[in-house]
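Under numbering that gives the first Met the number 0, the very last position in the sequence shown is 76; numbers go up by exactly one each time. All C-beta atoms in this analysis are idealised placements derived from N, C-alpha and C, irrespective of residue type, glycine included. Data block below; observations after.
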Amino acid sequence: MTLGEYKHPPKPDVRVGIGLLIIGVVMAGWGFWQMAEFMQANGASAPFRGRVVLHAMFAVLGVVSFLRGVRTLLSRR
Numbered sequence: 000m001t002l003g004e005y006k007h008p009p010k011p012d013v014r015v016g017i018g019l020l021i022i023g024v025v026m027a028g029w030g031f032w033q034m035a036e037f038m039q040a041n042g043a044s045a046p047f048r049g050r051v052v053l054h055a056m057f058a059v060l061g062v063v064s065f066l067r068g069v070r071t072l073l074s075r076r
């Protein structure tokens with residue numbers, strides 16, 4: 000860390016935005032991957048339908064987190 004970075008650290012909005020982007024990509028990627036894997040292996044049969052819905056919800060939360068991160072970074076002043 001240089002002296003300039005110490006005197007003027009990045010704004011918290013930038014850190015929050017980047018964190019939301021990373022969390023969103025990981026959550027959405029994992030959720031969609033698991034959902035596709037279960038659908039391919041089991042054809043969304045009745046015992047596994049709840050698990051597919053769970054992974055779909057996880058993927059949607061990841062997308063929402065990613066979009067909030069983008070909004071946070073774009074609305075920075």
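_C-alpha gap between Ala-40 and Phe-57, whole angstroms_ = Within the sequence shown, the letter at position 41 stands for residue 40. Within the sequence shown, the letter at position 58 stands for residue 57. Each residue's Cα considered, the two are about 19 Å apart.
*Less than 8 Å between the CB atoms is what I'm expecting for Phe-65 and His-54, so what's the real figure, rounded?*
In the sequence shown, the residue the question calls residue 65 occupies position 66. In the sequence shown, the residue the question calls residue 54 occupies position 55. In fact, because the Cβ distance is near 16 Å, the residues do not count as touching under 8 Å.
*asked:* Below 6 Å, is the gap between the Cβ of Trp-32 and the nearest heavy atom of the ligand COA?
replied: Of the ligands one can find in the structure shown there are none, so the ligand COA has no counterpart to examine.
*Report the rounded CA-to-CA distance for Gln-33 versus Ser-74, giving the unit in angstroms.*
Against the sequence shown, residue 33 aligns to sequence position 34. Against the sequence shown, residue 74 aligns to sequence position 75. CA-CA distance, Gln-33 to Ser-74, rounds to 33 Å.
*Do you know offhand how far Ile-17's Cα is from Gly-49's?*
Position 18 of the sequence shown holds residue 17. Position 50 of the sequence shown holds residue 49. If I take the Cα positions, the gap works out to 32 Å.
*Are the beta-carbon atoms belonging to Ala-35 and Val-62 less than 7 Å from one another?*
To locate residue 35, count along the sequence shown from 1; it is residue 36. To locate residue 62, count along the sequence shown from 1; it is residue 63. Not a contact, by the Cβ cut-off of 7 Å.
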